[in-house]
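First up is the structure itself, then whatever we jot down about it.
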Amino acid sequence: MLRKLDRDSKRQNRLIVVSNRLPMSLTQEADEHWTAKPSSGGLVSAMMPVLRRQGGVWIGWPGTVDASREQVAPALEQAARETRCSFEPVMLTQEEVEGFYHGFSNEVIWPLFHDLFTNCNFDPSYWHCYERVNHKFAEAVANVYRPGDFIWVHDYHLMDIADALKRMGLQAKTGFFLHTPFPPLEIFLKLPWRFEILRSLLQFDSIGFQTLRDRRNFLQCVRALFKLHIDGAGSVVQLHVTNQDPEWSTLFDNETAVERDICVGSFPIGIDYQTLAELAEQEPTAAKAARLKDDLSGRQMILGVDRLDYTKGLPNKLQAFRNALERYPELRGRINLVQHVIPSRSDIPEYRQLKFELEHLVGEINGQFTESGWVPIHYMYHSLPFEDLVAYYRAADMALITSLKDGMNLVAKEYCAAQVDETGALILSEFAGAAAQLQKGALLVNPHDIEQVADGIYSAFKMPQLERRNRMRALRRTVRTQDVYRWADTFLTVTTNRDPVHVPYTEDYLPRAQ
Ligand code: F6P
Numbered sequence: 000m001l002r003k004l005d006r007d008s009k010r011q012n013r014l015i016v017v018s019n020r021l022p023m024s025l026t027q028e029a030d031e032h033w034t035a036k037p038s039s040g041g042l043v044s045a046m047m048p049v050l051r052r053q054g055g056v057w058i059g060w061p062g063t064v065d066a067s068r069e070q071v072a073p074a075l076e077q078a079a080r081e082t083r084c085s086f087e088p089v090m091l092t093q094e095e096v097e098g099f100y101h102g103f104s105n106e107v108i109w110p111l112f113h114d115l116f117t118n119c120n121f122d123p124s125y126w127h128c129y130e131r132v133n134h135k136f137a138e139a140v141a142n143v144y145r146p147g148d149f150i151w152v153h154d155y156h157l158m159d160i161a162d163a164l165k166r167m168g169l170q171a172k173t174g175f176f177l178h179t180p181f182p183p184l185e186i187f188l189k190l191p192w193r194f195e196i197l198r199s200l201l202q203f204d205s206i207g208f209q210t211l212r213d214r215r216n217f218l219q220c221v222r223a224l225f226k227l228h229i230d231g232a233g234s235v236v237q238l239h240v241t242n243q244d245p246e247w248s249t250l251f252d253n254e255t256a257v258e259r260d261i262c263v264g265s266f267p268i269g270i271d272y273q274t275l276a277e278l279a280e281q282e283p284t285a286a287k288a289a290r291l292k293d294d295l296s297g298r299q300m301i302l303g304v305d306r307l308d309y310t311k312g313l314p315n316k317l318q319a320f321r322n323a324l325e326r327y328p329e330l331r332g333r334i335n336l337v338q339h340v341i342p343s344r345s346d347i348p349e350y351r352q353l354k355f356e357l358e359h360l361v362g363e364i365n366g367q368f369t370e371s372g373w374v375p376i377h378y379m380y381h382s383l384p385f386e387d388l389v390a391y392y393r394a395a396d397m398a399l400i401t402s403l404k405d406g407m408n409l410v411a412k413e414y415c416a417a418q419v420d421e422t423g424a425l426i427l428s429e430f431a432g433a434a435a436q437l438q439k440g441a442l443l444v445n446p447h448d449i450e451q452v453a454d455g456i457y458s459a460f461k462m463p464q465l466e467r468r469n470r471m472r473a474l475r476r477t478v479r480t481q482d483v484y485r486w487a488d489t490f491l492t493v494t495t496n497r498d499p500v501h502v503p504y505t506e507d508y509l510p511r512a513q
């Protein structure tokens with residue numbers, strides 16, 4: 000497939016990737032000049048290899064309000080020389096970061112799209128700022144656009160951009176991929192700007208979601224708020240719209256009769272399996288993993304890696320771990336929960352509050368169970384280098400993921416890729432997007448059911464090696480065959496050529512009565 004992408008790159012036009020953040024973090028050095036380091040994360044590892052092969056531009060915020068465009072330009076030019084693409088910064092003011100990023104993106108859309116509407120702060124000034132900043136991003140796109148380019152916009156920060164591009168008169172092919180979930184109708188309806196957001200999304204030529212669940216929710220909202228005709232079945236369907244229908248006429252600018260097809264699909268995002276598995280195989284990683292195991296003196300390691308976010312179900316995880324120690328005393332002194340919490344969005348009050356809550360719970364549980372030579376929870380609040388993370392993945396006997404709702408959850412996939420010895424078990428929330436693809440090998444749990452999660456920990460603890468191996472083998476096969484290259488390739492092929500390529504059809508997970 001990689002060779003195919005190489006061949007195609009000679010024919011294809013440029014790809015313009017647009018996301019809130021550029022794929023690098025900028026730091027100001029002691030002599031005041033700025034340097035750029037590639038950042039990690041799903042979107043970066045997904046898009047960089049594709050851009051490198053195809054050539055193109057990445058447009059986004061460089062993540063700082065302390066520098067001017069001129070100051071960051073040399074660092075971005077240097078980064079461009081090292082890759083095959085260029086980076087176009089969208090500079091934001093402090094006020095825009097407040098209203099657009101902290102405000103509308105992370106205090107309205109983020110909680111709403113994760114079904115947590117009571118966490119939403121529907122401040123109208125946030126919406127106005129979101130519209131303005133999306134317009135600013137659209138201007139950046141218009142400045143670099145050349146006829147024939149394909150514009151691929153990512154994530155919930157930029158749902159209004161295609162509308163802004165249309166209003167500027169840019170006749171470009173555009174695609175949008177939502178990395179988060181899309182909420183069910185009754186939750187989406189609470190959004191004061193529900194018509195504006197849906198109309199804006201429908202200005203894209205293609206819209207991609209992580210799972211069938213999200214696509215179904217989206218189509219249900221479109222169906223409820225507008226009339227529509229849907230063609231096709233399977234992972235990708237076409238919405239057929241014409242300005243002859245009054246409900247749709249607002250989606251067209253001109254007066255003559257026109258029709259548009261909008262392609263709506265589910266494209267579960269993958270990871271760069273090969274690179275991660277190779278890193279996990281390497282000697283330094285193996286040595287680090289062995290040291291981590293030694294540190295636990297033969298106890299089983301339950302690994303948690305989560306951004307500090309209320310959607311990750313961290314309190315539920317800790318409570319389930321406590322429940323497991325209470326109900327299964329044989330686990331005491333024989334397991335450790337090693338929980339890495341990655342700092343995130345700490346300017347938002349809910350996130351700061353959650354940190355206190357977690358620290359309190361960890362203290363309580365460790366206070367309840369610690370014995371001489373055994374502290375049950377190793378809690379670390381930090382960002383850790385990728386090589387260290389992979390060593391943890393390789394060393395861990397179980398990974399425990401209890402998201403209350405998650406677009407995909409790439410930690411689940413990374414854990415499997417790094418499990419080169421195939422000795423680990425994956426305990427995964429049924430509400431993570433990854434549950435649909437990984438339902439064959441993972442132990443799926445409802446994170447709201449503390450006892451069920453505790454039972455999952457106990458089952459994994461007791462699971463015979465052969466069963467672990469068989470399950471992990473199945474998981475790794477799925478993660479390997481549905482990797483990030485396949486994801487990008489499928490989205491681009493379906494949306495730019497409308498080719499009838501085979502898109503893996505992955506049914507959502509539904510629990511069965513026991
Ligand atoms: O999952 C959505 C997402 O925006 C990811 O793309 C990103 O890694 C994560 O949330 C954190 O994003 P940020 O720090 O930019 O808010």
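Using numbering that gives the first Met the number 0, read the sequence shown as starting at 0 and increasing by one per residue. Think of the CB as a built atom: it goes at the ideal place given N, C-alpha and C, for glycine as much as any other residue.
When Cys220, Val107, Arg215, Pro37 are compared against Gln522, the one with the closest alpha-carbon: There is no way to answer for residue 522, as the model of the chain reaches only from 0 to 513.
Going by the DSSP bridge assignment, what does Ser402 pair with across the sheet? According to DSSP, which records beta bridges pairwise, Ser402 is partnered with nothing at all.
Does any heavy atom of the ligand F6P sit closer than 6 angstroms to the C-beta of His101? no
Any heavy atom of the ligand FAD within less than 7 angstroms of residue CB: hits in chain order: In the structure on display, the ligand FAD does not appear, and the ligands it does have are the ligand F6P.
How would you write the range of the beta strand (DSSP E) that His153 sits in, first residue to last? 149-153
Do the region 270-287 and the region 374-383 touch if we need at least three Cβ pairs shorter than 8 angstroms? no
Roughly how many whole angstroms lie between the Cα atoms of Arg215 and Arg83? 37 angstroms
Would the region 93-106 count as touching the region 180-191 if we require 3 or more Cβ pairs under 8 angstroms? no
Quick check on the DSSP output: what are the complete beta strand (DSSP E) runs of length 3 or more inside the region 188-257, in order along the chain? 205-208, 228-230, 235-241
Output needed for Ala459: all residues of its chain with C-beta closer than 7 angstroms, excluding positions within five of it in sequence on either side, in chain order. Met397, Ala424, Ile426, Leu442
Leaving out five residues before and five after Gln149 in sequence, what residues of the same chain have Cβ atoms less than 6 angstroms from its Cβ? It is worth fixing the name first, because residue 149 is Phe in this sequence and not Gln. Cβ within range, chain order: Leu14, Lys172, Thr495.
Please classify Val257 as buried or exposed, where buried requires at least 16 other C-beta atoms within 10 Å of its C-beta. exposed
Determine the DSSP secondary structure at Asn105, reduced to helix, strand or coil. helix
My understanding is that Ala288 touches Arg198, with C-beta atoms under 8 angstroms, so please give their C-beta distance in whole angstroms. Contact flag wrong, Cβ pair sits at about 50 angstroms.
Please classify Glu138 as buried or exposed, where buried requires at least 16 other C-beta atoms within 10 Å of its C-beta. exposed
Please return the same chain residues whose Cβ sits closer than 8 angstroms to the Cβ of Pro510, not counting the five positions on each side in sequence. Glu429, Leu443, Asn445
Boundaries (first-last residue) of the alpha helix (DSSP H) holding Asn322: 313-326
So what's Cys519 in DSSP terms, helix, strand or just coil? This structure does not reach residue 519, given that the chain is present from 0 up to 513, and the question cannot be answered.
Taking one C-beta from the region 150-165 and one from the region 101-112 each time, how about it: are there three or more such pairs within less than 8 angstroms? yes
Considering Ala161, what are the terminal residues of the alpha helix (DSSP H) in which it resides? 160-166
Could you pull out every residue in the same chain whose Cβ sits closer than 7 angstroms to the Cβ of Ala453, ignoring the five residues on either side in sequence? Ala319, Asn322, Ala323, Arg326
Classify Leu465 as buried or exposed, calling it buried when 16 or more other Cβ atoms lie within 10 Å of its own Cβ. exposed
Taking the alpha carbon of Asp204 as the point to measure from, which residue in Leu491, Ala35, Tyr504, Leu313 has its own alpha carbon closest? Leu491
Check this for me: beta carbons of Tyr350 and Leu307, under 7 angstroms apart or not? yes
Going by the beta-carbon positions, is the gap between Ala416 and Val337 smaller than 7 angstroms? no
I think Leu218 touches Ile229, with their Cβ atoms under 8 angstroms apart; what is that distance to the nearest whole Å? 7 angstroms
Below 8 angstroms on the Cβ atoms is my contact criterion, and I expect His359 with Ile268 to pass it. Report the Cβ-Cβ distance as a whole number of Å. In fact, because the Cβ distance is near 34 angstroms, the residues do not count as touching under 8 angstroms.
Nonlocal neighbours in the same chain, by C-beta distance under 6 angstroms from Leu227, ignoring five residues either side: Val221, Leu238
Per DSSP, which one or two residues make a beta bridge with Leu302? Val337, Ala398
Rounded to a whole number of angstroms, what is the C-alpha to C-alpha distance between Thr274 and Gly432? 22 angstroms
From Pro191 to Glu130, what distance separates their C-alpha atoms? 14 angstroms
If you compare alpha carbons, which of Ala141, Phe175, Trp486, Ile186 is closest to Gly168? Ala141
Going straight from the alpha carbon of Leu291 to that of Tyr391, what length do you get? 7 angstroms
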